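Chemist: Structure incoming, see below.
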Amino acid sequence: MEGAGNDFVVLDATREPFALAREQLRRLADRHFGVGCDQVLVVQKAKDPRNDFGYRIFNADGGEVEQCGNGARCFVKYVRARGLTGKNEIRVETLGGVIVPRLEDDGEVSVDMGPPRLDAPLVQPLEVGGARVELAVLSMGNPHAVQLVADVDAAPVATQGPQLEHHARFPDRVNAGFMQVVDRHALRLRVWERGAGETLSCGTGACAAAVAGMARGLLDSPVRVQTRGGALTIAWAGGDNAVWMKGPARTVFEGRIDLQGPP
Numbered sequence: 535m536e537g538a539g540n541d542f543v544v545l546d547a548t549r550e551p552f553a554l555a556r557e558q559l560r561r562l563a564d565r566h567f568g569v570g571c572d573q574v575l576v577v578q579k580a581k582d583p584r585n586d587f588g589y590r591i592f593n594a595d596g597g598e599v600e601q602c603g604n605g606a607r608c609f610v611k612y613v614r615a616r617g618l619t620g621k622n623e624i625r626v627e628t629l630g631g632v633i634v635p636r637l638e639d640d641g642e643v644s645v646d647m648g649p650p651r652l653d654a655p656l657v658q659p660l661e662v663g664g665a666r667v668e669l670a671v672l673s674m675g676n677p678h679a680v681q682l683v684a685d686v687d688a689a690p691v692a693t694q695g696p697q698l699e700h701h702a703r704f705p706d707r708v709n710a711g712f713m714q715v716v717d718r719h720a721l722r723l724r725v726w727e728r729g730a731g732e733t734l735s736c737g738t739g740a741c742a743a744a745v746a747g748m749a750r751g752l753l754d755s756p757v758r759v760q761t762r763g764g765a766l767t768i769a770w771a772g773g774d775n776a777v778w779m780k781g782p783a784r785t786v787f788e789g790r791i792d793l794q795g796p797p
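According to our numbering, the stretch in the sequence shown is residues 535 to 797, in order.
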C-alpha cells in the first residue's frame with residue numbers, strides 16, 4: 535500500500551498472532567531481495583476494549599517506531615477492504631498513543647493525530663556537521679526536528695538528515711524535516727526518516743512541519759503540505775487541540791508471504 539508515495543507492507547495478525555525477527559523485517563523491506571517498502575505495518579487486536587485495533591510500525595532497518603501518519607491512512611483502508619471492520623472511523627492503539635483515522639466520502643482518509651508536544655523553547659540552535667542550524671523540536675507521537683529552508687530542492691537532506699538522526703541531542707534518534715514556506719497556507723517538505731532515510735512523504739513529518747510553522751506565526755490553518763509523493767492537508771487550532779491530517783491511501787498489490795521461511 536502507499537500513501538502519498540510512502541509505501542508499506544501491511545500484515546494481518548488479528549487472526550493468528552506472529553512475531554517477526556529484525557532480519558525478517560529488513561528482508562521484507564529490501565527493495566532488491568524482498569518486497570520493498572519504507573515501513574512494515576502489523577494489524578493486531580486491541581488491548582483496550584474501547585479501541586478497535588492495535589498497530590505496530592517497523593522501519594526498513596527493522597526498528598519499531600511509535601507513529602506513522604501515512605501508514606494510519608493505509609491502515610483504515612486495509613481493515614475495511616479485508617472485512618475486519620465495517621466502521622468508517624476507528625480507534626487504533628500505537629506506541630505513540632491512540633489515533634483515530636476516518637475514511638471520508640471522497641475516498642481520502644482523515645486522521646486525528648492527537649495534540650502535538652512542543653519543546654520549550656520550540657526553536658533551538660544546534661551544531662550539525664560544522665554548521666549552526668535552528669530547529670523546531672516537537673513530537674507527533676514520534677520525535678521531529680524541523681528546519682526552515684529557502685529552497686527545499688536544494689536542502690542538504692542527504693547530508694544533514696543522517697547527521698541529525700544520529701545527533702547526541704536526540705538519544706532516541708529523530709526525524710529531520712526541511713520545510714519551505716510557500717504562502718500562509720502552503721509549504722513544501724522533505725523528510726529524512728529515522729531508520730528509513732529520505733522518503734517520498736512522511737505524514738507525521740507533515741504534521742510536525744505545519745505545526746512548527748503555525749506555532750512560529752509563519753502559517754495559518756489549514757496548511758497544504760506538498761511532498762515529493764503528493765499533497766497532504768494539515769489542520770490545527772493550536773494549543774492542546776488535536777492535529778488533523780487528510781490525504782490519499784491506496785492498495786498497490788496483494789500477495790502471500792511465508793513467515794516460516796528463511797529471513
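A virtual CB, placed ideally from N, CA and C, is assigned to each residue, including glycine.
What you are looking at is a predicted structure, and each value in this text was computed from that prediction instead of being measured.
1. Can you say whether V786 is buried or exposed, counting buried as having 16 or more other CB atoms within 10 angstroms of its CB?
2. How far does the beta strand (DSSP E) with F712 in it extend, from its first residue to its last?
3. Would the beta-carbon of G789 be found less than 7 Å away from any heavy atom of the ligand GDP?
4. Is the Cβ-Cβ distance between E557 and G596 less than 8 Å?
5. If we call anything under 8 Å between Cβ atoms a contact, is L637 one with R616?
6. Have a look at G773 and A749 and give me their C-alpha separation to the nearest angstrom.
7. Along the chain, where does the beta strand (DSSP E) containing R549 start, and where does it finish?
8. Which residue marks the beginning of the beta strand (DSSP E) containing G731, and which one marks its end?
9. May I ask you to report which of helix, strand or coil DSSP gives T738?
10. Got a sec? Which residues, its chain only, sit under 8 Å from V683 by beta carbon, not counting five neighbours each side?
11. Hey, which unbroken runs of the alpha helix (DSSP H) at 4 residues or more fall wholly within the region 596-652?
12. Within 10 Å of its beta-carbon, does P782 have 16 or more other beta-carbons around it, so buried, or fewer, so exposed?
13. Tell me the residue span of the alpha helix (DSSP H) that contains P696.
14. When we look at the beta-carbon of F567 and count the other beta-carbons within 10 Å, is it buried (16 or more) or exposed?
15. Taking Cβ positions only, does Q760 come closer than 8 Å to chain B?
16. Cα separation between V799 and F542?
17. Can you tell me whether M779 is helix, strand or coil according to DSSP?
18. Name the DSSP bridge partner or partners of Q658?
19. Using a Cβ-Cβ cutoff of less than 6 Å, which residues in the same chain neighbour V657 once the five nearest sequence positions on both sides are dropped?
Modeler: In terms of the structure at hand:
1. As a working mapping, residue 786 is identified with position 252 in the sequence shown. By the neighbour-count rule (16 or more Cβ atoms within 10 Å), V786 is not buried but exposed.
2. Along the sequence shown, one-based indexing puts residue 712 at 178. It spans 709-717 - the beta strand (DSSP E) in which F712 sits, taken as one unbroken run.
3. Questions concerning the ligand GDP fall outside what the structure shown contains, since it holds no ligand whatsoever.
4. Position 23 of the sequence shown, counted from the start, is the residue given in the question as residue 557. Position 62 of the sequence shown, counted from the start, is the residue given in the question as residue 596. By the CB criterion at 8 Å, E557 and G596 fall inside the cutoff.
5. The sequence position of residue 637 within the sequence shown is 103, counting from 1. The sequence position of residue 616 within the sequence shown is 82, counting from 1. Taking 8 Å as the Cβ cut-off, L637 and R616 do not qualify as a contacting pair.
6. Mapped onto the sequence shown, residue 773 falls at position 239. Mapped onto the sequence shown, residue 749 falls at position 215. So the alpha carbons of these two residues sit roughly 9 Å apart.
7. Numbered from 1 along the sequence shown, position 15 holds the residue referred to as residue 549. No beta strand (DSSP E) contains R549, which DSSP labels as neither H nor E.
8. Your numbering for residue 731 matches position 197 in the sequence shown. Start and end: 731-733.
9. As a position in the sequence shown, residue 738 is number 204, starting the count at 1. Here DSSP, grouped into helix, strand and coil, assigns T738 to helix.
10. As a position in the sequence shown, residue 683 is number 149, starting the count at 1. Result list for V683: A689, F712, M713, Q714, in chain order.
11. 603-615
12. Residue 782 sits at position 248 when you count from the first residue of the sequence shown. The residue in question, P782, is buried, as its Cβ has 16 or more Cβ neighbours within 10 Å.
13. Within the sequence shown, residue 696 is the residue found at index 162, counting from 1. Bounds of the alpha helix (DSSP H) holding P696 are 691-699.
14. Here residue 567 corresponds to residue number 33 of the sequence shown, with the count starting at 1. Flag for F567 reads exposed.
15. Protein chain content of the structure displayed is limited to a single chain, and chain B is not contained in it.
16. In the structure displayed, the chain extends from 535 to 797; residue 799 sits before or after that span and is not available.
17. On the sequence shown, position 245 is the one that residue 779 refers to. In the structure shown, M779 sits in a strand (DSSP, three-state: E or B).
18. The residue you call residue 658 lines up with position 124 of the sequence shown. L669.
19. Start at 1 with the first residue of the sequence shown, and residue 657 comes out as number 123. Cβ within range, chain order: E668, A670.
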